[in-house]
Amino acid sequence: MAQETRNAYGEKLAELIVQNENIVVLDADLTKSTKTIEAKKACPDRHFNAGIAECNMLGMAAGLAASGKTVFASSFAMFAAGRAFEIIRNSIAYPRLNVKVCATHAGLSVGEDGASHQSVEDVAIMRAMPGMKVFVPCDQYETKALIEYVSKFDGPCYVRLGRGKVEDVYNADTKFDFTKVDVLRQGKDVVLFAMGLMVQEALKAAEELDATVVNVSTLKPFDEEGVLELLKSHKKAYALEEHNIIGGLYSAICEAKGKTDITTPVTPIGVMDRFGESGKAADVLEKHGLTAAHVVEVVKGN
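Set out below in structure tokens:
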């Protein structure tokens, strides 16, 4: 069944806020879009709307976390990672406060909202921030497990969530280990590393390519050991991401590889250092080559 990862976030957060009296949820006047409205319905006295003021919202989150609360703060990725960067850096990451920045509407799949809202830099920004953990779940089940996981450790993190529906990769019984990459399909010479909605595209492409497919949902701390072993055992590797190829998954893989003498070539399939544009999400993704068909074309032509 297809579902938005933001919906899964809202559903799980509504469960957790009831179970854990220490959790507080903040939103920047986007409760219906980010789906934190579900937590508001479940526990209205611990959900606060900061208005269209992301910097203030993250400042509030820092204060609440400094007082011992576990804080989930949400807005669109462009505003959370972009507009509020300084507050996250100086007031949350620097003192290592327990704030979970869960940003929705990330990437080109925001579609008609256009380049101004299509954050393709957010993972790079958050990966570069000392002490910040970064996660990109690929479906509803991984999202729900991840939200529970981040609620249990003390410290800041960034969770990247999408606007549109994505097909299920996992199921309700899946056990997740967010410290490791997850090999979803074993192939022969080619390995496709993917994050977010590109995991589904990788699985579709792999049927024609007989490729190994790896879900990389934890971008930081990065499972270098797991990635390097997969590079060693394959002749070619590709990094699939709905994000700029600078600073995201491709960069993380190359950073790990650069510390070794591994010679397996890694090719990026992502946003090629360009801004997006307004259009239906499927059309924008296709124009930027973020489809299974384009993956097959690139791999076969490489």
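Counting along the sequence shown from 1, when you hit position 124 you're at 132 in our numbering, and nothing is skipped either side.
C-beta atoms are modelled at their ideal positions from N, C-alpha and C, and glycine is treated no differently.
Inset, instruction - Kindly indicate the opening and closing residues of the beta strand (DSSP E) around Arg-193. - result: Within the sequence shown, residue 193 is the residue found at index 185, counting from 1. Element bounds for Arg-193: 190 to 193.
Inset, instruction - Could you check if Pro-164 is buried or exposed, using at least 16 other CB atoms within 10 Å of its CB as the buried criterion? - result: The count along the sequence shown starts at 1 and reaches residue 164 at position 156. When all chains shown are included, Pro-164 counts as buried.
Inset, instruction - Have a look at the DSSP bridge pairing and note the partners of Ser-83. - result: The count along the sequence shown starts at 1 and reaches residue 83 at position 75. The partner list for Ser-83 (beta bridge, DSSP) reads Ala-111.
Legend entry - Euclidean distance between Cα positions of Glu-209 and Ala-300: Position 201 of the sequence shown, counting from 1, holds the residue named residue 209. Position 292 of the sequence shown, counting from 1, holds the residue named residue 300. If you take the alpha carbons of Glu-209 and Ala-300, they lie about 5 Å apart.
Legend entry - Host beta strand (DSSP E) of Thr-220 (start-end): What you label residue 220 is simply residue 212 of the sequence shown in a count that begins at 1. Here the beta strand (DSSP E) through Thr-220 covers 220 to 223.
Inset, instruction - Using only the heavy atoms of the ligand PLP, determine whether one of them is closer than 6 Å to the beta carbon of Asn-28. - result: Looking for the ligand PLP in the displayed structure turns up nothing, as the structure carries no ligands at all.
Inset, instruction - Can you check DSSP and say which residues form a bridge with Phe-201? - result: On the sequence shown, position 193 is the one that residue 201 refers to. Residue pairing by DSSP places Phe-201 opposite Val-222 and Ala-247 in a beta bridge.
Inset, instruction - Using alpha carbons as the reference points, say which of Glu-294, Asp-197, Ala-289 and Pro-229 lies closest to Val-274. - result: Counting from 1 along the sequence shown, the entry for residue 274 is found at position 266. Of the listed residues, the one whose Cα sits closest to Val-274 is Asp-197.
Inset, instruction - At 4 residues or longer, and completely inside the stretch 266 to 295: list those alpha helix (DSSP H) runs for me, N to C. - result: If we require 4 residues or more, the alpha helix (DSSP H) runs fully inside the stretch 266 to 295 come out as 289 to 295.
Legend entry - Nonlocal neighbours in the same chain, by C-beta distance under 6 Å from Leu-211, ignoring five residues either side: By one-based count along the sequence shown, residue 211 stands at place 203. Excluding residues within five positions, the ones whose Cβ falls inside 6 Å are Val-221.
Inset, instruction - Select from Ser-286, Phe-184 and Glu-232 the residue whose C-alpha is nearest the C-alpha of Ser-117. - result: Along the sequence shown, read from residue 1 onward, the residue named residue 117 stands at position 109. The residue with the shortest Cα to Cα distance from Ser-117 is Ser-286.
Inset, instruction - Could you tell me how far apart the beta carbons of Met-203 and Glu-249 are, in whole angstroms, since I believe they sit closer than 8 Å? - result: Working through the sequence shown from its first residue, we reach residue 203 at position 195. Working through the sequence shown from its first residue, we reach residue 249 at position 241. That belief holds up - the Cβ atoms of Met-203 and Glu-249 are roughly 5 Å apart, short of 8 Å.
Inset, instruction - Measure the CB-CB distance between Leu-320 and Val-307 and report whether it falls below 7 Å. - result: Lying before the first or after the last residue shown, residue 320 is absent from the chain, which here runs from 9 to 310.
Inset, instruction - To the nearest angstrom, report how far apart Ile-96 and Gly-309 are at their CA atoms. - result: The count along the sequence shown starts at 1 and reaches residue 96 at position 88. The count along the sequence shown starts at 1 and reaches residue 309 at position 301. Between the alpha carbons of Ile-96 and Gly-309 lies a distance of about 42 Å.
Inset, instruction - Report the three-state DSSP secondary structure of Cys-262 (helix, strand or coil). - result: What you label residue 262 is simply residue 254 of the sequence shown in a count that begins at 1. If DSSP states are grouped into helix, strand and coil, Cys-262 belongs with the helices.
Inset, instruction - Whole angstroms is fine: what's the gap from Glu-232's alpha carbon to Ala-264's? - result: Position 224 of the sequence shown, counting from 1, holds the residue named residue 232. Position 256 of the sequence shown, counting from 1, holds the residue named residue 264. Rounded to whole angstroms, the separation of the alpha carbons of Ala-264 and Glu-232 is 6 Å.
Legend entry - Euclidean distance between Cα positions of Thr-272 and Lys-244: As a position in the sequence shown, residue 272 is number 264, starting the count at 1. As a position in the sequence shown, residue 244 is number 236, starting the count at 1. So the alpha carbons of these two residues sit roughly 6 Å apart.
Inset, instruction - Decide if the stretch 167 to 174 is in contact with the stretch 101 to 117; the criterion is three or more beta carbon pairs, one per stretch, under 8 Å apart. - result: In short, these stretches touch, since the Cβ pair count reaches three.
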